[in-house]
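Student: Per this note's numbering, the sequence shown starts with residue 756, numbered consecutively. Built from N, CA and C at the ideal position, the CB exists for glycine as well.
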Amino acid sequence: MMSASRGPRPNVSTIRRRGDPVLARVARAVPADVLSAPAALAVMPVTQWALSVGRQGPGGAGAESDVAHREVSFADAVADLHRVLMDFRDREGFGRAIAAPQAGYDVRVIAAFLDGTAHTLINPTIIRKSSRRRVLWDDCFSFPEDLVRVARHVTVTVRFHDTHGRQHEWKDVPWAVSELLQHEYDHLDGILAHDIVRPLTIQPTDASPRAEAARIVHRALQRERGGFPLVEGDTPPFIVVIGVISHRVRRQLPRECELLVGDELESPSHL
Ligand SMILES: [Zn+2]
């Protein structure tokens, strides 16, 4: 899992953490005329926002060259983004994709590594999504301590351009890729899982297995965080609300945590 002792290598940008303003910005699209001209695309300037003080990655302060606001070429930004992703995979053993804002870049790009292949998705758009959604615990390089309860469309169709200016469409991708792409796409719009958290509310009087699981997870979270308020309302019956848990609690209580996600929702799209 996440290591607090090892930071990123000096030649890759630091992964921005929740609280860094760049993660709340809507990233800039690549203009259509540049997209159709690969040579122009490669040298297009891209802004890399300064690392926000106090919110550095797991290794502490970022490298000197990482701290200042700067402009880099699109080709360099994309190469860096893929290095950040592969560096994370080397260190942590997982990670399938990263969005440009997570390395500070103001551009609508997702770098992905799926089935052994690196992909660069430029100006991705979700052009179709299932009405069916599924609830899961969402995790992220930018908030490695949290798991956030969110709902994602079971399948989506995504259109994007590659670095050669070619347009692609990934049609009705399977769930694992679908939830990943929705997560990364949200980053391009400055949205983190915490912004769309779908908390589970449980009446303590409820006798269902899920309510019992919620109470167990609730107690574990209170122990872990020193009793922070998870109970809403000032008159009985109080409601237990669970939207964010830690990896540690999930590992301690896998079955209970799993009972709190997995819902299939059939509802009109909200995106
Ligand atoms: Zn993320």
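Just grab the DSSP bridge partners of K884 for me.
Tutor: V911
Student: Just to check, is the beta-carbon of H938 closer than 7 Å to a non-hydrogen atom of ligand 2?
Tutor: Ligand 2 is not part of this structure, which contains only ligand 1.
Student: Measure the Cβ-Cβ separation of V801 and A795 and say whether it is below 8 Å.
Tutor: no
Student: Report back the beta-carbon spacing between A852 and L935 to the nearest angstrom; my notes put them in contact at under 8 Å.
Tutor: With a beta-carbon spacing of about 6 Å, A852 and L935 fall inside the 8 Å limit used to define contacts.
Student: With a threshold of 7 Å on Cβ separation, who are the neighbours of F896 within its own chain once the five nearest residues in sequence on each side are excluded?
Tutor: I770, F843, G850, I853 and Q857
Student: Here's the rule I'm using: 16 or more other beta-carbon atoms within 10 Å means buried, otherwise exposed. How should H824 be labelled?
Tutor: exposed
Student: So, helix, strand or coil for L935, using DSSP?
Tutor: Three-state DSSP puts L935 in a helix.
Student: Please report how far the alpha carbon of V864 lies from the alpha carbon of V905, in whole angstroms.
Tutor: Roughly 23 Å separates the two Cα atoms.
Student: Would you kindly work out how many angstroms separate the C-alpha atoms of V798 and L947, rounded to a whole number?
Tutor: 30 Å
Student: Identify the continuous beta strand (DSSP E) that holds H923 and give its terminal residues.
Tutor: Q922 to W925
Student: Under 7 Å Cβ to Cβ from G859, same chain only, skipping five residues before and after it: list those, please.
Tutor: Only S768, R771, V777, Q803, W804 and L806 meet the Cβ criterion.
Student: By Cβ distance, which residues of its chain are closer than 6 Å to A966, with the 5 residues on each side in sequence left out?
Tutor: I957
Student: Near P954, which residues of its chain fall below 7 Å by C-beta distance, leaving aside the five closest residues on each side in sequence?
Tutor: Excluding its 5 nearest sequence neighbours in each direction, P954 has C-beta neighbours in its own chain below 7 Å: R904, V996, I997 and G998, listed in chain order.
Student: Leaving aside the five residues before and after E1027 along the sequence, list all residues of the same chain whose C-beta is less than 7 Å from its C-beta, in chain order.
Tutor: A query on residue 1027 cannot be resolved here, the shown segment of the chain reaching from 756 to 1026 and no further.
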